[in-house]
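According to the UniProt record's numbering, the residues represented by the sequence shown are 1 to 27, in order. Just so it is clear, CB atoms sit at the ideal spot from N, CA and C, and this is done for glycine as well. Notes follow once the structure below has been shown.
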Amino acid sequence: MSVFFWYLSSFISCPLVLFQLCWVDAT
1 MSVFFWYLSS
11 FISCPLVLFQ
21 LCWVDAT
């Protein structure tokens with residue numbers, strides 16, 4: 001279960017970080 005949670009967490013956090021970088025770059 002922890003592996004699935006880690007996979008889900010990384011799957012969600014990766015796009016979030018990319019979105020933050022793009023947003024910071026745009027401003």
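Residue i to residue j span [Cα, whole Å]
i	j	result
D25	V17	12 Å
L8	L21	20 Å
F4	I12	12 Å
Y23	W6	One point to set straight first is that residue 23 is Trp, not Tyr, in the sequence displayed. Their Cα atoms are separated by approximately 25 Å.
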